[in-house]
Structures are given as structure tokens and as C-alpha cells.
Amino acid sequence: MPDLTKPANHILFIASIGNPAPYRTTRHSAGHILFESLVPLLPTRFSPTPNHTLLDAEQSVFYKTWKSPSYMNESGGKLVRRLQKWISTIDTRQRKPTLVILHDELESPLGKVRVKRGGAEAASLRGHRGLISIMEVLRGKGLYPPRTPAENTGLSIMRVGVGIGRPDSRERESVADYVLTKMSPKELAAVRAAADPVVELLLQELYREEGEL
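See below:
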């Protein structure tokens, strides 16, 4: 575990994407389920001293949390607006911002966490409509990749996918039905259990050196 009394290299904007009710507990909303289990762990695990617990995310100097209220296909607009507002409040010369996106990962084993960095130029978005929406808006706003040196905030992208498995059929309709089906208690438990290892990944991200993967 990193020494949180030392200055961090990054500050995190941790956002989950999925669908609102009545699709909140479907497989496509696994990012939200992970988020809801992860957030209560952050105040203690991100505390700079062992005997001190932060009261909430608003008090943390290390991160900001945000859950998308939008439908998956429309994730980009509100998320990027909130990200821009948050970036405007921090000194990016001291700590570089990292956008952490929690999302469902089709074809990965149930509950398995996979991390990919950057946009489509670094690792395929694999047709994930939520990620595509976010990357399109980031590009359109000149946030990632930056259009000019003046617009360069040093923003990094960290995509954290939690596995939801895959239906036997690869037909588009079958896949759509699969991701919009409510998760079973076993599936919910597997996604929630991923919160602890994800916290460790986020702690490592705070002190990641530039160019380090």
C-alpha cells in the first residue's frame, strides 16, 4: 500500500456508467453495482493516517466520485461536463487528473477486473456504447487527446471493467437481451466482491509515474 502522507502524482475522478431504473441491477449496469460497493471503502482506505477516516468523498484530496444518471448510450455528455468542472477546481501542475471509468465488461469472466488505459487509440472499446460516447465527447471538447498545448491538462484515462460473462449466442439480439437481464444474487455478489481489488488499483494509480503502465 502506498504511503498516503506523500504527495500523490494523480488525483482521481471515479465515475460509473450504466443505466437508470428500471435497469439499475442489470448486467449492463455492473459498473454502478461495483461503484456502490467501492465508495464506502474509500474514506478509510484513502485516509492519509491509519486512525483517521474521511467523512465523505467531498473531503478527500485524492478523489472525486460520480455516478452517471444517464442511459449508457448517452454517458458522455453529463460525465464530461462534470469532469471539466472538477478539473477547473484543481491545480493540474501539481497532480495530473485521471478519469476512472467503472463499467461492465462483456466476455470477461464474472467478477474479473480488467484495466485498460487510454481511449480507442490504446485499447479497443469493443463496441461498448458507453465508452464510445465518453471518448467521442472527450475528443470533441479537446480534453482527450488535447487539441493544443494550452488545453493539455495531463488527463489520463483508466478504464476499469468488471466481467459479466457472455451468452452462448453471439447474435446481436441475444447479446442485448443478456446485458439487459437482471443479475442473479450470485452475479451481484461477484461484482460487489470486485470492489476491494479495485480500491488497490486506485491507490496504485495515485502514485503512478508518467509513462508507467
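Number 116 in my numbering belongs to position 113 of the sequence shown; there are no gaps in the numbering. In this text, a Cβ means the ideal position worked out from N, Cα and C, and glycines have one as well. Just so you know, these numbers come straight off a predicted model, no measurement behind them.
Whole-number beta carbon distance between residue j and residue i, since they are thought to touch under 8 Å
i   : j   : result
S71 : S78 : 5 Å
Bridge partners - residue i, DSSP secondary structure assignment
i   : result
A18 : W69, I104
A29 : Residue identity check: residue 29 is Thr in the sequence provided, not Ala. Answer is K185, bridged to T29.
H13 : K99
Beta carbon of residue i nearer than 8 Å to that of residue j
i    : j    : result
G1   : I20  : With the chain running from 4 to 216 in the structure shown, residue 1 is simply not present.
R85  : W69  : yes
A196 : G133 : no
L205 : P5   : no
G122 : M138 : yes
L146 : N12  : no
V202 : R48  : yes
K185 : T28  : yes
F38  : W89  : no
A192 : L41  : no
I135 : L128 : yes
Y74  : P25  : no
T8   : P51  : yes
R117 : S111 : yes
T156 : T95  : yes
D107 : R173 : no
V182 : I36  : no
L109 : R169 : yes
Y66  : L44  : no
Any C-beta of chain C under 8 Å from that of residue i
i    : result
P148 : Included in the structure is just one protein chain, with no chain C present.
Do the region 155 to 163 and the region 103 to 113 touch if we need at least three Cβ pairs shorter than 8 Å?
-> These segments touch.
Go through the region 76 to 130 residue by residue and report every complete run of the beta strand (DSSP E) that reaches 3 residues or more, in order.
-> Segments of the beta strand (DSSP E) lying fully in the region 76 to 130: 99 to 108, 116 to 120.
Contained beta strand (DSSP E) runs [length at least 3] in the region 140 to 197, N- to C-terminal order | Listed in chain order, they are 159 to 166.
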